[in-house]
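Residues in the sequence shown are numbered consecutively from 114, following the numbering used here.
All C-beta atoms, glycine included, are put in the ideal place defined by N, C-alpha and C.
Model, not experiment: these values are computed from the prediction.
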Amino acid sequence: MALTTRTKILKLFTTKTQCSALARGSRNGFRLDPFRESESLSSCSFFSSSAASAAVQAETASPSDEVFNGSRLFGLLKEYEDYRRNLYGGLTHRALFVDAVGTLLVPSQPMAQIYRQIGEKYGVEYSEGEILNRYRWAYEQPWSKSRLRYVNDGRPFWQFIVSSSTGCSDSQYFEELYNYYTTEKAWHLCDPDAEKAFLALRTAGVKVAVVSNFDTRLRPLLRALKCDHWFDAVAVSAEVEAEKPNPTIFLKACEFLGIQPEDAVHVGDDRRNDMWGARDAGCDAWLWGADVTSFREVAQRIGVQV
């Protein structure tokens, strides 16, 4: 039954027109890397690629008689989630993965504003708009020094970003800026009620992990924000040597928690890194800001009351 349900939902999202219709009905999300701001797009699929492939193989009926209909779609989603609750004793998943920047936490002030404010005493003269444009250009450049941007503390990568964005290569400026982003002053939680949801999830037996493209500052940052104890594990790209959307980082998180990929759902704000990456690893995925908008909603969708 589960495969049939997966197949039916997948067919509802196989055409470009259908995907566009869903996107127009979704809330806009956004993605922030530690110093980056950009938009993210809604996803047109709710399941892992491996599950979708299995579903397609399990049913060969023509989709021509399927009509894109919101109530039908959510009816099928409920059918699938009800099946999973029967499988997992009332829960849809045994584990929750959470993206860090843009989902769990966000910068408290715009990146360009901080670059400008701290940089003034070091001779930075660019406007915030110029800094933002130069930053975006620098971030999109191929990073040829390593296959990963964030290696260990990520300093070489961020030195390139900062100097390219501001025109200032002063080492003291970089260190002050770099250290600022390890403090609770620089960040705040996206959802002020997140703690209640995470504690309820763990009490219900759901394992929770952060899965993030970040350097080694992430762990001390979580401690600074007093939320490190919410999580059973942290899979950070600089430590596992794989960046989303590479499925390796999700599989590492599964290994840390002692679960199988199909046991987990990942919540993140970026379609490519979070949605596609998680599905390629065999996990389910929900888009933050569209599929779910709070961690209370995440918990309730898994089957945990907060």
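Do lysine 311 and alanine 213 have their C-beta atoms within less than 7 Å of each other? As a working note, residue 311 is residue 198 in the sequence shown. As a working note, residue 213 is residue 100 in the sequence shown. With the sequence shown as reference, residue 311 is identified as phenylalanine, and lysine is not the correct amino acid for it. No, Cβ-Cβ distance for phenylalanine 311 and alanine 213 is not below 7 Å.
For the putative contact between lysine 309 and valine 378, defined by C-beta atoms under 8 Å, what is the C-beta separation to the nearest angstrom? Residue numbering aside, residue 309 sits at position 196 when the sequence shown is read from its first letter. Residue numbering aside, residue 378 sits at position 265 when the sequence shown is read from its first letter. Not really, about 19 Å apart at Cβ, beyond 8 Å.
For serine 325, which residues does DSSP report across the bridge? Here residue 325 refers to the residue found at position 212 when the sequence shown is read from its first residue. DSSP output for serine 325 lists Val349 as bridge partner(s).
Please look up how many angstroms separate the CB atoms of threonine 295 and alanine 337, rounded, as I've assumed it's under 8 Å. Here residue 295 corresponds to residue number 182 of the sequence shown, with the count starting at 1. Here residue 337 corresponds to residue number 224 of the sequence shown, with the count starting at 1. Indeed, because the Cβ distance is near 7 Å, the residues count as touching under 8 Å.
Kindly identify the DSSP beta-bridge partner or partners of valine 211. Within the sequence shown, the letter at position 98 stands for residue 211. DSSP, once it has assigned bridges, lists Val323 and Val380 as partnering valine 211.
Would you call the segment 378 to 392 in contact with the segment 275 to 292, where contact means no fewer than 3 C-beta pairs closer than 8 Å? When Cβ pairs closer than 8 Å are counted between the two stretches, the segment 378 to 392 is seen not to touch the segment 275 to 292, the count staying below three.
Assuming contact is defined by CB atoms lying nearer than 7 Å, are isoleucine 244 and threonine 205 in contact in what I supplied? Along the sequence shown, one-based indexing puts residue 244 at 131. Along the sequence shown, one-based indexing puts residue 205 at 92. No, they are not a contact pair.
Pick out whichever of Glu241, Leu190 and Leu217 has its Cα sitting closest to the Cα of threonine 406. As a working mapping, residue 406 is identified with position 293 in the sequence shown. Of Glu241, Leu190 and Leu217, the residue nearest in Cα terms is Leu217.
Rounded to whole angstroms, what is the Cα-Cα separation between arginine 198 and alanine 412? Stepping through the sequence shown from its first residue, residue 198 is reached at position 85. Stepping through the sequence shown from its first residue, residue 412 is reached at position 299. One C-alpha to the other measures close to 13 Å.
In whole angstroms, what separates the C-alpha of tyrosine 239 from that of cysteine 281? One-based indexing of the sequence shown puts residue 239 at position 126. One-based indexing of the sequence shown puts residue 281 at position 168. Roughly 10 Å between the two C-alpha positions.
On the criterion of 16 or more Cβ atoms from any shown chain inside 10 Å, does alanine 171 qualify as buried, or is it exposed? The residue you call residue 171 lines up with position 58 of the sequence shown. Confidence at alanine 171 is low in this model, with a pLDDT of 37, below 50, so its placement is unreliable and no value can be given for it.
Mapping the DSSP letters down to three states, classify alanine 366 as helix, strand or coil. On the sequence shown, position 253 is the one that residue 366 refers to. Looking at alanine 366 - three-state DSSP - the assignment turns out to be helix.
In three-state DSSP terms, what is leucine 302? Taking the first residue of the sequence shown as 1, we reach residue 302 at position 189. Three-state result, leucine 302: strand.
Segment limits, beta strand (DSSP E) that includes alanine 398: Locating residue 398 in the sequence shown gives position 285, counting from the first residue. Run containing alanine 398: 397 to 400, per the beta strand (DSSP E) assignment.
Mind the definition here: the segment 341 to 348 touches the segment 359 to 372 only if three or more C-beta pairs lie below 8 Å; say whether that holds. The segment 341 to 348 and the segment 359 to 372 touch, with no fewer than 3 CB-CB distances between them shorter than 8 Å.
Glutamate 352 versus tryptophan 300 - alpha carbon distance: Locating residue 352 in the sequence shown gives position 239, counting from the first residue. Locating residue 300 in the sequence shown gives position 187, counting from the first residue. Their backbone Cα atoms lie some 22 Å apart in a straight line.
Helix, strand or coil: how does DSSP classify valine 275 here? For the purposes of this step, residue 275 is identified with residue 162 of the sequence shown, where counting begins at 1. Of the three classes helix, strand and coil, the one that applies to valine 275 here is helix, per DSSP.
Quick check on DSSP: helix, strand or coil for leucine 290? Residue 290 sits at position 177 when you count from the first residue of the sequence shown. In the structure shown, leucine 290 sits in a helix (DSSP, three-state: H, G or I).
Terminal residues of the beta strand (DSSP E) in which leucine 218 lies: Along the sequence shown, read from residue 1 onward, the residue named residue 218 stands at position 105. Element bounds for leucine 218: 218 to 220.
If valine 219 sits next to cysteine 303, beta carbons under 8 Å apart, how far is it from one beta carbon to the other, in whole angstroms? For the purposes of this step, residue 219 is identified with residue 106 of the sequence shown, where counting begins at 1. For the purposes of this step, residue 303 is identified with residue 190 of the sequence shown, where counting begins at 1. That pair is a contact at about 6 Å.
Which residue wins for smallest C-alpha separation from tryptophan 343, given the options Pro358, Ala307, Gly381 and Arg330? As a position in the sequence shown, residue 343 is number 230, starting the count at 1. Closest by alpha carbon: Ala307.
Under the three-state reduction of DSSP, which class applies to valine 405: helix, strand or coil? Against the sequence shown, residue 405 aligns to sequence position 292. Correct three-state label for valine 405: strand.
Roughly how many whole angstroms lie between the Cα atoms of glycine 395 and tyrosine 263? The count along the sequence shown starts at 1 and reaches residue 395 at position 282. The count along the sequence shown starts at 1 and reaches residue 263 at position 150. In this structure, the alpha-carbon of glycine 395 lies about 24 Å from that of tyrosine 263.
Alpha carbon of tyrosine 109 to alpha carbon of arginine 207, nearest angstrom: Past the boundaries of the shown model lies residue 109; the chain is included only from 114 to 419, so the question cannot be answered.
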